[in-house]
Amino acid sequence: MKKVRHVLGISGGKDSAALAIYMKDKYPELDIEYYTCDTGKELDETYQLINNLEVYLGKKIVRLQAADGSNESPFDHFLKMYGGFLPSSNSRWCTKVLKLVPFEKYVGDDPVISYVGIRGDEDREGYISKKSNVQSIFPFRKNIWSEDVIAKMLPNNNIENLNAIFSNLPRTQYTKKIDEILRQPLTQNFTLNQKLNLLLDAHTETFNNLVFAFLKTTAYPLAQAESFQLLSNNDVLVRDDIFRLLRESGVGVPEYYEKRQFDSNGKTGEYARSRSGCYFCFFQQKIEWIWLYEQHPHLFAKAMQYEKQGYTWNQEESLEELIKPERVRKIKEEYLKRTQRQSNNNKSHYLLDILDEVEGEGCASCFI
Ligand code: SF4
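In my numbering, the protein residues as written are 116 to 483.
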């Protein structure tokens, strides 16, 4: 039986960095391998964060580079291979060749637990590896399991099997309650998510022990582990906790998350960058392009240089068009209106949430 490896990908953003800090503090006995997939096109602040994190962890963060040995940066190497064809949301070759392929090469066929920093206040699943030897775990959420595990475990045709597994676990004060929920079939009015939440609310640790026992009957990597420290994890970490972990550890919050003021037609607004990733990432919003133009003009100029042979980062306009004064004014105005609407709705006081809201899936799926 192969040893199960524990890995944690550092995207360069705040959540995965905070997860690394959290795992080191809470589970020091876990031998976690930290890695990052370097495209060669991140902001300096991202590289700084990775260096700071290495000091805190007291461990090397393995730099995975696609096209290792090339004398160009990984992105430039592949761009040449693609004949200058810039990646886009419809043709995201960059994620595949710069992140997924190096990661899959790194883990090979070993059974792997991959820790992912999706927060408890996020409503998304994140990337789940297609490789059956890689299992994702989400320590910041009440439900630490990936949706494919839950979808295998809770359907009606597995109720009997699950009850049999559950009856072999030691009885606790929660057994009766959980047993009742397990027997309740899914219907149109009783969904998988509702069932999952009831089970987690009944007693998270007992439910986690059941999942672990169920996994033993599958080919998932955790089937090969004798025990799993996170079964008793009850923590739910939200955005405030992430910033607290980064600040208190001394690792720090990457500078690009800090709000900067801008003026537009006599009005003052605030902007920032919403996430890590390549400085020219096509998933960034128009206001983030303006942020790049005004806060990192040399990087914006570099991004412009990539726009050749009719290829542009944005579908509907080139960067040259985007920075025409009239266009900049319009983008800022629209953004100000949108942020005003969001703050009236009072959903969140975080600028990052507002940026996320419109960004949707974004390049979050760039990360493993
Ligand atoms: S950050 Fe954006 S541009 Fe860079 S690899 Fe990810 S999706 Fe592609």
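For glycine and all other residues, C-beta sits at the position ideal for the given N, C-alpha and C.
As the structure is a prediction and not an experimental result, all values here were calculated from the model.
Candidates the options, of which the one nearest residue i by Cα
i	options	result
Pro270	Glu385, Gln299, Arg178	Gln299
Ile293	Leu307, Glu275, Gln303, Leu313	Leu313
Asp224	Asp238, Leu168, Lys117, Arg390	Lys117
Leu158	Pro412, Leu215, Leu437, Ser458	Pro412
Met419	Glu435, Leu361, Ile405, Trp406	Glu435
Ala133	Tyr162, Asp191, Ile233, Gly198	Ile233
Thr302	Asn272, Glu409, Ser244	Asn272
Lys374	Tyr386, Val366, Thr319	Tyr386
Asp355	Lys174, Lys245, Val443, Asp236	Asp236
Val216	Ala334, Phe193, Phe343	Phe193
Pro226	Arg362, Lys452, Ile357, Ser244	Ser244
Met330	Ile280, Val212, Ile357, Lys214	The residue asked about is misnamed: residue 330 is Leu in this sequence, not Met. With distances taken between Cα atoms, Leu330 lies closest to Ile280.
Gln424	Lys452, Lys129, Lys195, Asn248	Lys195
Ser391	Glu449, Lys445, Tyr197, Lys129	Lys129
Ser247	Thr210, Thr321, Thr333	Thr333
Pro143	His121, Thr210, Arg362	His121
Residues near residue i in its chain [Cβ-Cβ closer than 8 Å; skip 5 each side]
i	result
Ile259	Ile252, Phe253, Asn323, Leu345, Asn348
Met138	Leu123, Leu145, Ile147, Tyr230, Pro254
Ser206	Phe200
Lys417	Tyr394, Phe395
Ser188	Thr154, Gly155, Lys156
Asn283	Ala328
Gln376	Thr383, Gly384, Glu385
Reduced DSSP category for residue i - H, G, I as helix; E, B as strand; rest coil
i	result
Glu476	Caution applies to Glu476, whose pLDDT of 41 falls short of 50 and renders its modelled position unreliable; the value that the coordinates give is listed next. Reduced to three states, the DSSP call for Glu476 is coil.
Ser126	coil
Glu385	strand
Thr321	helix
Ile176	strand
Phe218	helix
Tyr137	helix
Ser261	coil
Val326	helix
Asp316	helix
Ile438	coil
Cys209	helix
Tyr230	strand
Tyr150	strand
Thr290	helix
Phe200	coil
His192	helix
Glu363	helix
Proximal residues to residue i (C-beta, below 6 Å), its chain only, five neighbours per side dropped
i	result
Pro369	Glu160, Leu164
Ser203	Phe397
Glu403	Arg388
Tyr372	Ala387
Tyr335	Gln250
Gly477	Per-residue confidence for Gly477 stands at a pLDDT of 47, beneath the threshold of 50, marking its modelled position as unreliable; the derived number appears in the next sentence. Cβ within range, chain order: Phe398.
Own chain, CB closer than 7 Å to residue i, minus 5 neighbours either side, in chain order
i	result
Val326	Trp260, Val264, Met268
Phe488	Residue 488 lies beyond the range of the chain shown here (116 to 483); nothing can be said about it.
Ser364	Ile136, Tyr171
Ile274	Leu297, Arg298, Pro300
Ile438	Tyr408
Leu168	Ile125, Ala132, Ala135, Ile176, Val366
Arg256	Ile233, Gly235, Val351
Asn343	The sequence shown places Phe at residue 343, rather than the Asn named in the question. Excluding residues within five positions, the ones whose Cβ falls inside 7 Å are Phe327, Leu337.
Lys174	Tyr149
Phe305	Gln299
Glu422	Trp428, Ser433, Leu434
8 Å Cβ cutoff, residue i in contact with chain B
i	result
Leu407	Considering every chain present, this structure includes no chain B. It has just one protein chain.
Does the stretch 203-223 come close enough to the stretch 304-318 to have 3 or more Cβ pairs within less than 8 Å?
In short, these stretches do not touch, since the Cβ pair count stays below three.
Are the stretch 381-388 and the stretch 141-150 touching by the rule of at least three beta carbon pairs closer than 8 Å?
no
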